[in-house]
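Visitor: Quick one: structure below, then a few questions.
Number of protein chains: 4
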Amino acid sequence: MKNIAILSSGGDVSGMNPAIKHFVEYALHNGLTPYFVYNGFEGLIDNKITKASHSDVAGIINRGGTILGSSRSKRFMLKNYREVAKKNLDALDIDMLIVLGGDGSFRGMDIFYKEHGVKFCGIPSTIDNDINGTIYCLGVDTALNVIKDSIDNIRDTASSFSRAFVIETMGRDCGYLALVSSLCSGAELCLIPEVEYNLSSYEDSFKEQIKNGRKYFIVIVSEGIKDNSKEIAEWLEQKVGIESRVTVLGHTQRGGTPSIYDRLMAYKFVNHAIDALLGDINSSVVCYSKTGFIHKDIDEITSQKYMLDPELLSYLKKF
Amino acid sequence: MKNIAILSSGGDVSGMNPAIKHFVEYALHNGLTPYFVYNGFEGLIDNKITKASHSDVAGIINRGGTILGSSRSKRFMLKNYREVAKKNLDALDIDMLIVLGGDGSFRGMDIFYKEHGVKFCGIPSTIDNDINGTIYCLGVDTALNVIKDSIDNIRDTASSFSRAFVIETMGRDCGYLALVSSLCSGAELCLIPEVEYNLSSYEDSFKEQIKNGRKYFIVIVSEGIKDNSKEIAEWLEQKVGIESRVTVLGHTQRGGTPSIYDRLMAYKFVNHAIDALLGDINSSVVCYSKTGFIHKDIDEITSQKYMLDPELLSYLKKF
Amino acid sequence: MKNIAILSSGGDVSGMNPAIKHFVEYALHNGLTPYFVYNGFEGLIDNKITKASHSDVAGIINRGGTILGSSRSKRFMLKNYREVAKKNLDALDIDMLIVLGGDGSFRGMDIFYKEHGVKFCGIPSTIDNDINGTIYCLGVDTALNVIKDSIDNIRDTASSFSRAFVIETMGRDCGYLALVSSLCSGAELCLIPEVEYNLSSYEDSFKEQIKNGRKYFIVIVSEGIKDNSKEIAEWLEQKVGIESRVTVLGHTQRGGTPSIYDRLMAYKFVNHAIDALLGDINSSVVCYSKTGFIHKDIDEITSQKYMLDPELLSYLKKF
Amino acid sequence: MKNIAILSSGGDVSGMNPAIKHFVEYALHNGLTPYFVYNGFEGLIDNKITKASHSDVAGIINRGGTILGSSRSKRFMLKNYREVAKKNLDALDIDMLIVLGGDGSFRGMDIFYKEHGVKFCGIPSTIDNDINGTIYCLGVDTALNVIKDSIDNIRDTASSFSRAFVIETMGRDCGYLALVSSLCSGAELCLIPEVEYNLSSYEDSFKEQIKNGRKYFIVIVSEGIKDNSKEIAEWLEQKVGIESRVTVLGHTQRGGTPSIYDRLMAYKFVNHAIDALLGDINSSVVCYSKTGFIHKDIDEITSQKYMLDPELLSYLKKF
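Chains H, P, L and A are the protein sequences, given in the same order.
Note that the working numbering numbers the first sequence so that position 278 is 718, with each residue one more than the last.
Note that the working numbering numbers the second sequence so that position 232 is 672, with each residue one more than the last.
Note that the working numbering numbers the third sequence so that position 233 is 673, with each residue one more than the last.
Note that the working numbering numbers the fourth sequence so that position 69 is 509, with each residue one more than the last.
Below, the structure written as structure tokens:
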């Protein structure tokens, strides 16, 4: 019987737990013995590795975060700690790893594979949806639904009280969360790092809308834009002339019970990841492309920055 | 300026309102005058057609159902009523229609187009996800999330009280809702119309699981299977030997605030539908395929029954 | 150090887990050693009793059901099994019990107390809100919020499609859930076991409303009324003349993440229960009355049937 | 037939719409003609007053905010504008007003009543729950449930990633929201304006907990405390030694579909308000006290600052 382990690395997302659950099931279904590594790469080094069974994953499918814990490991960047990790895996006869994480984690695993031959498959997991090579990262749909609920709540009060609201989403350098949230919430303005903007170009239109009866504005901005949210609110107050408030959505975006889409994607990602390792794909990231699931080399993933889908980007024009 | 109307027909779904909102916006964006037809084809005949503006769609993006109302119209199947409908549209200079509905509605529109030249584009809308030619129908994701929440609730009580639960989803002859719900809820058994089953084949395994400590079973069945849910529950009680309850999820599945996925798909479906009518595609259904949005002829849609995705179907085997 | 145990008995409710969590914390805060009894009275007999600590209740505050499991125990009605239970408790030096359950469970505990001197305090826990002597039972608010969401969903589709919906809530002989749900959902009719009704008396009004433009009716019925839900729907179809559908909400009502109100009440119930046992109240049920928390004797609880609050009942008149 | 109007003033809360809905119903039930005043006291001055009917309140019971709009009116503080308001009401024969708002709004109405004899009843409405004389203000329960969901989300990620989270709730000078949220979320620390604190007193305990395996802390602070949230996070990082993040919940707290409790309280508040005006209570605020609903004079309301319930406050000690 072969042994296979799973770990989560980097920022946790909602969808990791369904993936972990299905990992156990699908590994057992394929005659493999599943193992858990706790606390990301740190757990590889500190030997926090335990055999997993059905009962370990009972009742976790509807829970956000990851029962394995996660971390960003600086030690794993060092050769001597990777040797410790290898010894720990050897002691348990584990030579296959599933990694839930981002491109930095996959790069680390790739080095580990080249040094020590531990096969791995990465499952792109980040609410920012900013991993090149895949159009979907685990956790994005749940995050978007949490953001949607927050914006719907804020619109209740915005429309009652004649105010503008500047709502800041996560996303680092990627405007995906902000853009999709805008389209799906009927926001009046969306600002993302990928697109140049000039606030003054909106002033006449916004004032005109107020004159015509508009009572509130919802402005959604991605955390990575050049101005901070307070500055956008000040612009609304001073140039457009409407009382404004800022809401930074913060870490609520990372949690929440996994949505159907994330549960189903978790299921499929895990199937394709284990299938790859049982085939002859030893070092890859399983990506969701427009034509389905494909496995890509880490070099392909990191060869360029993630680019927003042009169709989606074109929708921004309407603002 | 050209005039374009929208109507919803057949069973309502959550996602129609975001589509109606974006219809108004995107029509205006393209220099078209948008119109609403209330109450489905009945409204075409009864001349319930009104000009629409931004203010008509304010605050509807987060509401289930359809503000236009819907219906199943027997009269529209008759030539003389379709002539009345044509006169009503002519009086308002409307020669383009967007139809949110199912294949029956699209078939009706196709006849209307051939008789009277009223161009149309159908947007597949049904929670059953049973329209051939598209892999996604508006409303499915919201319905699945509602079902998921209900099953999560039921598992709370199932795991507390050592009981089996038979949960019946909608879907008519299509097991899509039941199958995806099962994968995403960690159900122990899923029965759908597309796949033959023999209850007795599960008995030994289920009894074995109980002996090994399993306290509850979640069984998800599609409404279209050969046995009714009560019979499944009786089988669990009499043959497997566990106290059982039935929950028929019913019409709660049809409602709920539209999910992100349905809002985004509504946005895209509407864009592609209006683009088609403004191009030279006069009579089509906009379908979501594995390679993106494409327009299909109604004959292609109705040429065969919807078939479940083989990959998805293969997951059923694990049960 | 003194030892105190907790168990859940009868139907589980959402709110038990927050109570169990706070039981551990408040027991430790008071210098007591907390114990869990699994599976209700059955666990007392089968000696499923374990010491509890903070880590056992981490992450349960937001989960429905009860991590202790529950049951209805026939054996505990027999003297010899109660003797076994007593021996098990003695072996662990436990002489105080908190019981989350209904009046049947409290009656059982009272007998046990009189026979063996094991002190107890009952915390009324049932979504039916039908325990005499307390105006609130743990779990009711969460159940009502789940019901509310379901009815809100159904109204989406009812208003879209011109239909009547008969929605059946739980409640056994008590109409509390149905009545409050009706008031809070704007239902057109509410039928409960406590109030005689005559369907024919509504026919003229309902037909009149349809004539004046009403498109849908929401009828909420308690499971305990004389007609079944199908008969109510048939009446709507045949006598009022509107297409009708039945939805039996079922066991989804029992689950869901505990609401704020249930979490806060769980907190307070537990405080008052432990305070009582540490005081000289050896055999009581902690009740929430119009003037706050009070402890009542089991005989007072079972001396009469629960009666709906007259003010609440008077609201029914408007229907 | 007598005429009665309703308006919302000050910050909107979720629960106003159910109150507005029931206002229309209960006014009509009592033979009164209901009117809406839009945009708070501003609408009284600007004569935005319209007759209301059942159809105006269809489908609003599940929506946050207030369909009437709200405002803070400086003009209404001036005698001459109040005279304009009086003229507008006279023109429509309205001499009774229901005001959803806070103590400032009630004070304004009281002056208006004394000057012009327009009878009123105030319904305490603020998520801060800081109105003296009532133990419950409309909107609080919904706000608490929104906060709870956010904290539950954040705990998902906190427990996955070994971090402390400082979560800031609304509440101005009142710690009610923060305190109840803490009790109901299992927070490790709660800081409110009503209670002096000294961060250094927690350091040893927190470090000890980390040493014993605690991976995360949830700290809930009310916006009115002496330190700002960033300072609390810095303390956690520098003195306790755990990576920390701040989340300011912001205006999401004000929205959301009204909870059952707020819908039921809206219903009861409105009943008691209209009953008072139809009785001989001409100038009052309807308060929810420990013994039920009572009407209080505005002077009693504003005679002192709101004080947290001592029992609730005593729970803070455990932190």
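Think of the CB as a built atom: it goes at the ideal place given N, C-alpha and C, for glycine as much as any other residue.
1) Who are the Cβ neighbours of L/G483 in its own chain at under 7 Å, not counting the five residues just before and after it?
2) Ordered along the chain, which non-local residues of its own chain (more than five positions away) have a Cβ less than 7 Å from that of P/K745?
3) So P/T731 contacts chain H; which residues on that side make the cut at Cβ distance below 9 Å?
4) With a 10 Å radius around its C-beta and 16 neighbouring C-beta atoms as the bar for buried, classify H/H469 as buried or exposed.
5) Rounded C-beta distance between L/H462 and L/V710? I'm assuming under 8 Å.
6) Kindly list the residues whose CB is nearer than 6 Å to the CB of A/F605, restricted to its own chain and excluding five residues on each side of it in sequence; keep chain order.
7) In three-state DSSP terms, what is P/R685?
8) Starting from L/S729, trace the beta strand (DSSP E) both ways and give me its first and last residue.
9) Unbroken beta strand (DSSP E) runs of length 3 or more, entirely within the stretch 634 to 660 of chain L: which are they?
10) For H/P564, does the count of other Cβ atoms within 10 angstroms reach 16, so buried, or fall short, so exposed?
11) Since H/T473 sits in a beta bridge, which residues does DSSP pair it with?
12) Note the first and the last residue of the continuous alpha helix (DSSP H) segment covering L/A604.
13) If I measure Cβ to Cβ from L/L631 and keep anything under 6 Å in the same chain, skipping five residues before and after, which residues do I get?
14) In whole angstroms, what is the alpha-carbon distance linking A/T574 and L/K708?
15) In three-state terms, what does DSSP make of P/T490?
16) Could you check what DSSP says for L/V539 in three-state terms: helix, strand or coil?
17) Can you pull the chain H residues whose beta carbon is under 9 Å from the beta carbon of P/K461, in chain order?
18) Using the DSSP secondary-structure output, state which residues sit across from H/F560 in a beta bridge.
19) Give, in chain order, every residue of the stretch 589 to 617 of chain P whose Cβ lies closer than 7 Å to some Cβ of chain H.
20) Please classify P/L395: does DSSP put it in a helix, a strand, or coil?
21) Is A/Y576 near A/M705, with beta carbons less than 9 Å apart?
22) So, L/N585 versus L/I507, is the Cβ gap smaller than 9 Å?
23) For a quick check, are the C-beta atoms of H/N479 and H/M536 less than 9 Å apart?
24) Where A/S729 and A/H735 are concerned, what is the direct C-alpha to C-alpha distance, given to the nearest angstrom?
25) Taking buried to mean at least 16 other C-beta atoms within 10 Å of its own C-beta, is H/D550 buried or exposed?
26) In the DSSP assignment, what residue or residues form a beta bridge with P/S669?
27) Counting only Cβ pairs nearer than 9 Å, list the residues of chain P close to H/D581.
28) Suppose you measure from the CA of A/A583 to the CA of A/D568; what does that come to, to the nearest Å?
29) Could you say which of L/N487, L/Y642, L/S511, L/I538 lies nearest to L/I460 if we only look at CA atoms?
30) Helix, strand or coil for P/L752, going by three-state DSSP, please let me know.
31) Taking Cβ to Cβ, would you say P/G611 is nearer than 9 Å to P/E663?
32) Roughly how many whole angstroms lie between the Cα atoms of H/S625 and L/D613?
33) Over the uninterrupted beta strand (DSSP E) stretch that includes L/C630, give me the two end residues.
34) Any beta carbon of chain P sitting closer than 9 Å to that of L/D452?
35) In or out: P/G504 buried (at least 16 other Cβ within 10 Å) or exposed?
Guide: Taking the geometry as given:
1) The count along the third sequence starts at 1 and reaches residue 483 of chain L at position 43. Around L/G483, the same chain offers L447, V477, I489 as residues with beta carbons nearer than 7 Å, after the five sequence neighbours per side are excluded.
2) Your numbering for residue 745 of chain P matches position 305 in the second sequence. Result list for P/K745: N572, in chain order.
3) Within the second sequence, numbered from 1, the residue matching residue 731 of chain P stands at position 291. Residues of chain H whose Cβ lies closer than 9 Å to the Cβ of P/T731 are, in chain order, K730, T731.
4) By 1-based counting over the first sequence, the position of residue 469 of chain H is 29. H/H469 is exposed by the Cβ-count criterion.
5) If you number the third sequence from 1, residue 462 of chain L lands on position 22. If you number the third sequence from 1, residue 710 of chain L lands on position 270. With a Cβ gap of about 5 Å, L/H462 and L/V710 count as contacting.
6) Taking the first residue of the fourth sequence as position 1, residue 605 of chain A is located at position 165. So the qualifying residues of the chain are I594, A598, I658, R685.
7) Here residue 685 of chain P refers to the residue found at position 245 when the second sequence is read from its first residue. P/R685 falls in the strand class under three-state DSSP.
8) Along the third sequence, read from residue 1 onward, the residue named residue 729 of chain L stands at position 289. Run containing L/S729: 723 to 729, per the beta strand (DSSP E) assignment.
9) The stretch 634 to 660 of chain L contains no whole beta strand (DSSP E) run of 3 or more residues.
10) Locating residue 564 of chain H in the first sequence gives position 124, where the first residue counts as 1. With 16 or more Cβ atoms within 10 Å of its Cβ, H/P564 is classed as buried.
11) Counting from 1 along the first sequence, the entry for residue 473 of chain H is found at position 33. In the DSSP output, where bridge partners are listed per residue, H/T473 has H/N443.
12) For the purposes of this step, residue 604 of chain L is taken as the residue at position 164 of the third sequence. Per DSSP, L/A604 is not a residue of any alpha helix (DSSP H); the beta strand (DSSP E) it occupies stretches across 604 to 609.
13) In the third sequence, counting from the first residue as 1, residue 631 of chain L sits at position 191. Non-local C-beta neighbours of L/L631 in its own chain, meaning closer than 6 Å and more than five positions away in sequence, comprise Y637, V661, I665, ordered along the chain.
14) Counting from 1 along the fourth sequence, the entry for residue 574 of chain A is found at position 134. Counting from 1 along the third sequence, the entry for residue 708 of chain L is found at position 268. Their Cα atoms are separated by approximately 20 Å.
15) Numbered from its first residue, the second sequence carries residue 490 of chain P at position 50. P/T490: strand per DSSP, three-state reduction.
16) As a working mapping, residue 539 of chain L is identified with position 99 in the third sequence. The answer is strand: DSSP assigns L/V539 an E or B state.
17) Locating residue 461 of chain P in the second sequence gives position 21, where the first residue counts as 1. Result: G626.
18) The residue labelled residue 560 of chain H in the question sits at position 120 within the first sequence. Paired residues: H/L537, H/S723.
19) If the cut-off is 7 Å between Cβ atoms, the stretch 589 to 617 of chain P has D592, S599 near chain H.
20) In this structure chain P extends from 441 to 759, so residue 395 of chain P is not present and cannot be described.
21) Here residue 576 of chain A refers to the residue found at position 136 of the fourth sequence. Here residue 705 of chain A refers to the residue found at position 265 of the fourth sequence. For A/Y576 and A/M705, yes; Cβs fall inside 9 Å.
22) Numbered from its first residue, the third sequence carries residue 585 of chain L at position 145. Numbered from its first residue, the third sequence carries residue 507 of chain L at position 67. In this structure, the beta-carbon distance from L/N585 to L/I507 does not fall below 9 Å.
23) As a working note, residue 479 of chain H is residue 39 in the first sequence. As a working note, residue 536 of chain H is residue 96 in the first sequence. It is not a contact, given that the beta carbons lie outside the stated cut-off.
24) Counted from its first residue, the fourth sequence places residue 729 of chain A at position 289. Counted from its first residue, the fourth sequence places residue 735 of chain A at position 295. Note on geometry: alpha-carbon atoms of A/S729 and A/H735 lie some 10 Å from one another.
25) On the first sequence, residue 550 of chain H is found 110 positions in, with the first residue counted as 1. H/D550 should be labelled buried.
26) Numbered from its first residue, the second sequence carries residue 669 of chain P at position 229. Its beta-bridge partners do not exist; DSSP assigns none.
27) Start at 1 with the first residue of the first sequence, and residue 581 of chain H comes out as number 141. D581, S699, I700, Y701, listed in chain order.
28) Here residue 583 of chain A corresponds to residue number 143 of the fourth sequence, with the count starting at 1. Here residue 568 of chain A corresponds to residue number 128 of the fourth sequence, with the count starting at 1. If you draw a straight line from the Cα of A/A583 to the Cα of A/D568, it comes to about 9 Å.
29) On the third sequence, residue 460 of chain L is found 20 positions in, with the first residue counted as 1. Considering only L/N487, L/Y642, L/S511, L/I538, the residue with the shortest C-alpha distance to L/I460 is L/I538.
30) Mapped onto the second sequence, residue 752 of chain P falls at position 312. In the structure shown, P/L752 adopts helical secondary structure according to DSSP, grouped into three states.
31) Within the second sequence, numbered from 1, the residue matching residue 611 of chain P stands at position 171. Within the second sequence, numbered from 1, the residue matching residue 663 of chain P stands at position 223. Contact: yes.
32) For this step, residue 625 of chain H is matched to residue 185 along the first sequence. For this step, residue 613 of chain L is matched to residue 173 along the third sequence. Cα to Cα, the separation comes out at about 44 Å.
33) The count along the third sequence starts at 1 and reaches residue 630 of chain L at position 190. Segment 629 to 631, the beta strand (DSSP E) holding L/C630.
34) Along the third sequence, read from residue 1 onward, the residue named residue 452 of chain L stands at position 12. For L/D452, the answer is yes, since a Cβ of chain P falls inside 9 Å of its Cβ.
35) On the second sequence, position 64 is the one that residue 504 of chain P refers to. Buried, since its Cβ has 16 or more Cβ neighbours within 10 Å.
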